Ligand code: UD2
Ligand code: MN
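In our numbering, the protein residues as written are 70 to 415.
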């Protein structure tokens, strides 16, 4: 009898053990049993997903919060002078550069959406680079090819936002800048905004895309103008403002349709609000502009010159506080975030 009982007990113990093993092998959380296998699967899935996302248009901005290295201690601040800068750069626009090629050449260190942060230190500033855009794909490819390595060497925590004006109404560079400011802030707590034409490439990486105590004008010496600053009040091309500085001037005016004047109006706003502008040394703040003619639907607008005389009248009611637009699409490429917008042209 004793023997019978013990063999029944042994059998039921064996049965229980087998059931438990089967449960573990086929259960949802089989990773608990074989941690290395599922981890590899997740990794390869993620890279495939990343590649797919390069071409996918999404209606809503996906979460682009950055994965940080699993460090137990917080990183120290990046040095004031980035150590890997090289100074003067060789820049040419003869080479054909497809987006595919640029992705291969400079995309590997970027996060989806054209995001980067230095791996070994905490960047001094979080910079949103805003590029107004319509129908300048070749320019954008050159710009991305040259700017990403420069911004990385400058150890910035940055994101590139290409704000594409949808449709073929009158172009409005200034409004696209305001939209870039608003939309980029929805993604990340940027403290500095670099507003840059798509055709301007710095030819010296010591020209830091960092904000300072006053709004800063970076494109001081442009090849198109024989490397001579056109006027002391020039503020077009590439200019940087902190979030506070931009809010203080109520952003750009939204009402400069077509070419010209919006940069002068922003300069007037800055002076009107009691600030001044700063510039880097002209020996360093050198740029090449990709050659182009006047774009269709961006003709000189004579009304704009008149408007620049009325900055003081308009600054309180025309700007960030009166901005209206519709986001049509948001696309995440590894090199940039493209936001297509209806600017509601008149
Ligand atoms: C000057 C200024 C620029 C702006 C403009 C007047 C400098 C160095 N540049 O540039 O900042 O004040 O005069 O509006 O001072 N764009 C497109 N598609 C278009 C039209 C414009 O993408 O169809 C974008 C693009 O980023 C371009 C920028 O708007 O670089 C300015 O337009 P532009 O290059 O035709 O003007 P430009 O060179 O006279
Ligand atoms: Mn230009």
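Backbone N, C-alpha and C define an ideal beta-carbon position, used for all residues, glycine too. None of the values given here were measured: they were computed from a predicted structure.
Beta-bridge partners of residue i, as assigned by DSSP
| i | result |
| --- | --- |
| residue 262 | 197, 310 |
| residue 357 | 270 |
| residue 180 | 184 |
| residue 292 | Answer is none; residue 292 lacks a bridge partner. |
| residue 231 | 200, 407 |
| residue 347 | 285 |
Bounding residues of the alpha helix (DSSP H) (the contiguous stretch that carries residue i)
| i | result |
| --- | --- |
| residue 256 | 242-256 |
| residue 174 | 168-175 |
| residue 405 | Note, residue 405: premise wrong, no alpha helix (DSSP H); not H, not E. |
| residue 239 | Residue 239 -> no alpha helix (DSSP H), and no H or E assigned at all. |
| residue 383 | 380-383 |
Rounded separation between residue i and residue j - CA only
| i | j | result |
| --- | --- | --- |
| residue 204 | residue 233 | 8 Å |
| residue 369 | residue 376 | 13 Å |
| residue 362 | residue 240 | 15 Å |
| residue 334 | residue 173 | 40 Å |
| residue 286 | residue 143 | 33 Å |
| residue 332 | residue 319 | 14 Å |
| residue 396 | residue 235 | 9 Å |
| residue 345 | residue 280 | 13 Å |
| residue 126 | residue 398 | Interpretation of residue 126 is limited by its pLDDT of 28, a score under 50 that renders its predicted location unreliable; the figure taken from the coordinates is listed afterwards. If I take the Cα positions, the gap works out to 7 Å. |
| residue 165 | residue 379 | 44 Å |
| residue 312 | residue 284 | 10 Å |
| residue 211 | residue 326 | 26 Å |
| residue 407 | residue 230 | 6 Å |
| residue 215 | residue 387 | 35 Å |
| residue 382 | residue 303 | 21 Å |
| residue 156 | residue 195 | 22 Å |
| residue 181 | residue 404 | 7 Å |
The ligand ATP heavy atom lying under 7 Å from the CB of residue i
| i | result |
| --- | --- |
| residue 363 | Because the ligand ATP does not appear in the structure shown, any question about it cannot be addressed here, the ligands present being the ligand UD2 and the ligand MN. |
Run of the beta strand (DSSP E) containing residue i, from where it starts to where it stops
| i | result |
| --- | --- |
| residue 396 | 395-401 |
Three-state class that DSSP yields for residue i in the structure shown
| i | result |
| --- | --- |
| residue 275 | coil |
| residue 369 | strand |
| residue 222 | helix |
| residue 192 | coil |
| residue 207 | helix |
| residue 283 | coil |
| residue 91 | Legend: pLDDT at residue 91 = 36, less than 50; position of this residue unreliable, value from coordinates given subsequently. Note: residue 91 maps to helix in three-state DSSP. |
| residue 390 | helix |
| residue 377 | helix |
| residue 162 | coil |
| residue 119 | Low per-residue confidence applies at residue 119: pLDDT is 29, beneath 50, and the placement is therefore not dependable enough to give any value. |
Task: alpha helix (DSSP H) runs wholly inside the segment 298-342, at least 4 long, in chain order - done: 312-317, 331-341
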